[in-house]
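Presented below is the structure to which this report refers.
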Amino acid sequence: MAKSTRDEERKFILECIDLYRDLPALWKVTCEDYSNRVKKEAAYITLLEKYRERYQDATKEDVKKKFNALRTNFRKELKKVIDSEKYGAGTEDLFESSLWYYDAMLFVQDQETPAPSRSFVDKEEESIADDNTLENTDSSSEVSQDTQSSGLAAPSKRTNFRRKKRTIEDKRNELMELACKRLREPEDDTTSLVQTWVNELKHMEPKQQLLSKKAINDILFEGRMGTLKRNSVLINPPEQSFVQHRLVQPESISSRQSLTPTSVVCHGSFHNNQPTI
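In terms of our numbering, the sequence shown opens at residue 10 and continues consecutively.
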């Protein structure tokens, strides 16, 4: 690319940067319009109209990619400057950026977080790629810088995605191992007994379930009180019934006639009582 054409290209990009600075909805996080989709879209349209003065077929995505690349390169240079100020031994060690639009982009300095592998992008703009759509019009140096910035950002995003995916898989495997461990643990006698009771209750009628639960609760209560004994539980005891037979003495029979033996039933036991004459 001829020097005059490159100079014209850079001059036009600087004009676009100046317009970009006047549209805080596109770059200033603390601006109210930054989170307003309508105003942000209007700002993109304004910037796109300017950009089409030189690149007539450019789209909104082209503008996004272009300014993402510009900011990525600026961020790299900014980090070098900050690191040299922080770790440099003297003024001769301070880094001076040779990026031709570095000074023009200083207005976004407070919005950037310099980091080796992080890219600052809006949630809607979170894709940094090569500026391939403008390769016929950008200078050779800009194309090189865009490619480098894309090469840094893309692996970083892939690395973060893989790291996040590994973390999710690790947690999932940990839960699976814990579940398998619990399944391998032998059940104690109490757990097995309770499960047996539960299965038996399921096969009972509702009324029988209530009676069974009451009986079990009573037994547990006495057990906690320490008052249970071997013969404490009596299931369906027989009713006490006494069968009495009336002694009949007909007039035609002697008063000293023998009486018929009387049977008495008590607690299910039968006793034969012979009357005294």
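Cβ atoms here follow ideal geometry from the backbone N, Cα and C, with glycine treated the same way. If you're wondering where the values come from, they're calculated on a predicted model, not measured in any experiment.
Let's test the definition: count the other Cβ atoms within 10 Å of the Cβ of Trp36 and tell me whether it reaches 16, buried, or not, exposed. buried
Does DSSP put Arg30 in a helix, a strand or coil? helix
Could you have a look at Phe295 and say whether DSSP puts it in helix, strand or coil? Missing from the structure shown is residue 295; the chain here goes from 10 to 286 and no further.
Can you give the Cα-Cα distance for Thr68 and Tyr43, rounded to whole angstroms? Near 21 Å, if we compare the C-alpha coordinates of Tyr43 and Thr68.
Gln65, DSSP secondary structure in three states: DSSP, reduced to helix, strand and coil, places Gln65 outside both helices and strands of the structure shown, so it counts as coil.
Output the boundary residues of the alpha helix (DSSP H) element that contains Trp206. 198 to 211
When the Cβ atoms of the region 85 to 93 are set against those of the region 48 to 56, are three or more pairs found closer than 8 Å? The answer is no - the region 48 to 56 does not touch the region 85 to 93, with fewer than three Cβ pairs under 8 Å.
Buried or exposed: where does Tyr29 fall if 16 or more other Cβ atoms within 10 Å of its Cβ makes it buried? Tyr29 is buried by the Cβ-count criterion.
Give the DSSP-derived three-state secondary structure of Asn45 in the structure shown. coil
Lys222 to Gly232 span [Cα, whole Å]: 15 Å
Since I believe Leu56 is in contact with Leu32 (beta carbons under 8 Å), could you give me their beta-carbon distance rounded to a whole number of angstroms? Contact holds; Cβ gap of about 6 Å.
What number of angstroms, rounded off, separates the C-alpha of Arg15 from the C-alpha of Glu178? 50 Å
Alpha-carbon spacing of Val207 relative to Asn45, whole angstroms: 59 Å
Rounding to the nearest angstrom, what Cα-Cα distance links Phe104 and Val117 in this structure? 19 Å
Apart from the five residues just before and just after Arg63, which ones in its own chain have a Cβ nearer than 6 Å to its Cβ? Phe21
Closer than 6 Å by C-beta to Leu237: which residues in its own chain qualify, once you throw out the five before and the five after it? Chain order, please. Cβ within range, chain order: Glu231.
From Asp27, Ala34, Ser241, pick the residue whose C-alpha is nearest to that of Leu115; which is it? Asp27
Could you compute how far the alpha carbon of Asp112 sits from the alpha carbon of Thr81? 14 Å
Do Tyr43 and the ligand MG come close, with the Cβ less than 8 Å from some heavy atom? Among the ligands in the structure shown, none appear at all, so the ligand MG cannot be discussed.
Can you tell me where the alpha helix (DSSP H) holding Ser221 begins and where it ends? 215 to 234
Cβ neighbours of Tyr60 in the same chain (closer than 7 Å, five flanking residues each side left out): Cys25, Ala67, Val72
Leu23 to Trp109, Cα distance in whole Å? Straight-line Cα distance between these residues: approximately 10 Å.
Quick one: what does DSSP say Cys189 is sitting in, helix, strand or coil? Cys189 falls in the helix class under three-state DSSP.
C-alpha gap between Asp198 and Leu192, whole angstroms: 16 Å
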